[in-house]
Every structure is written in C-alpha cells, then in structure tokens.
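S.K.: Below you'll find the structure I mean.
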Amino acid sequence: AALACAASSGTALGAAVPLPRLPGGEGEVLSAPPTLNNWRPAALPGSCPALEEVPRASSAAGAPRSTSATATERLRQRMHERQSGATTPVGRLRRPSAGLPPAAAAVAGAAGAGAGADDWKERIEARRREAEQEQEMEQHHKEVIMERSGRRNDAMRRVLERQAQRQQDVVGLEA
539 AALACAASSG TALGAAVPLP RLPGGEGEVL SAPPTLNNWR PAALPGSCPA
589 LEEVPRASSA AGAPRSTSAT ATERLRQRMH ERQSGATTPV GRLRRPSAGL
639 PPAAAAVAGA AGAGAGADDW KERIEARRRE AEQEQEMEQH HKEVIMERSG
689 RRNDAMRRVL ERQAQRQQDV VGLEA
C-alpha cells in the first residue's frame with residue numbers, strides 16, 4: 539500500500555528528505571541518512587491514507603479490554619469446578635499413564651486394573667536387587683582401580699630406584 543501511494547504521487551518514499559553529503563566531498567552521497575527520523579518522513583495527513591492508519595496491537599492502541607475472562611479468572615473457574623465435583627468432558631480426563639510410551643502405558647494399565655496388591659512389593663524388591671548390583675559393581679571397580687594404582691606405584695618406585703642406582707654409578711666413576 540505504501541508503494542502504491544508513492545507510485546501514485548510520483549515520488550519515492552524517501553524523496554522528500556535530501557540525502558546527506560560527505561563533508562568536503564565532491565558531491566558524494568552517504569548510503570543512509572544519519573538518523574532514522576530523517577530516513578523515513580512522517581506521513582502528511584491526506585498524502586497517503588495507507589500510511590496514516592498503521593495497524594497496532596490492541597494493547598498498544600489503548601483499546602478497551604475485551605470482555606472475555608482473563609486467564610487467571612478462567613483458571614479459578616476450572617479449580618472451583620474441580621473442587622465442587624463438576625464432571626469434566628471426556629476428552630479432558632487425565633489418565634496416570636497418559637504420558638507414558640505405549641508399552642509402559644499397557645503395563646501401567648494392567649497394574650491399575652487390579653493386577654495385584656503385591657506389585658509395589660515386587661517393585662521394591664527389584665529396586666533393592668538393582669541397588670545391590672550397583673554396589674557390587676562399584677566395589678569391583680574400586681578393586682580394579684586399587685590394583686592399577688598399586689602397579690603404577692610399584693613401577694614408579696622401580697624407576698626411582700634405577701635412577702638412584704645410575705646416579706651412584708656416575709658418582710663412583712667420577713671419583
């Protein structure tokens with residue numbers, strides 16, 4: 539729309555503003571004016587209706603607030619409905635296994651369908667076994683590290699002993 543107005547008036551958008559020239563230059567023109575205000579002139583009333591009426595957000599334009607409830611009010615209403623025991627639409631029902639992958643959801647669904655009251659005992663036992671296995675692995679890892687450390691220390695001790703022996707041999711040859 540702005541281009542249509544500029545084309546119909548026969549001038550370019552920036553034609554009303556003279557382009558700045560380099561100081562002491564032979565007519566060279568800067569590629570852009572020094573300020574944004576000079577770059578794009580304000581629309582003159584009646585010059586181009588499309589430039590006069592720039593769409594703005596309703597909050598920026600100072601428009602009155604809409605009559606719909608705010609998010610906080612809607613949340614309070616939903617919480618009140620839940621507390622009062624109002625029924626929720628079928629699509630909004632939350633299942634405990636809703637966020638699980640299909641296989642895990644099937645297991646959770648089977649457990650929730652009365653699979654047994656001992657499921658929690660089995661889970662606790664499985665977790666205990668897992669913890670024992672982790673402790674055994676950590677203990678084995680510590681033993682391996684200690685063996686390596688001992689071998690490294692022995693090798694370093696031997697190197698230092700050889701260096702000391704060579705130093706003594708050099709001192710003995712010089713004397």
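If you count by the numbering used here, then the sequence shown holds residues 539 to 713, one letter each, in order. By construction, the Cβ of each residue, glycine as well, lies at the ideal position given by its N, Cα and C atoms.
Ordered along the chain, which non-local residues of its own chain (more than five positions away) have a Cβ less than 8 Å from that of V682?
M.R.: Closer than 8 Å at Cβ, skipping near neighbours: no residue.
S.K.: To the nearest angstrom, how far is it from the Cα of E674 to the Cα of K680?
M.R.: So the alpha carbons of these two residues sit roughly 10 Å apart.
S.K.: In terms of residue numbering, what span does the alpha helix (DSSP H) encompassing D692 cover?
M.R.: Unbroken alpha helix (DSSP H) run through D692: 657-712.
S.K.: Does DSSP classify S606 as helix, strand or coil?
M.R.: Residue state, collapsed to three classes: coil.
S.K.: Nearest-angstrom Cα distance between V709 and E676?
M.R.: Answer to the nearest angstrom: the Cα atoms are 49 Å apart.
S.K.: Between the alpha carbons of R704 and N691, how many angstroms are there, rounded?
M.R.: Spanning the two alpha carbons is a distance of roughly 20 Å.
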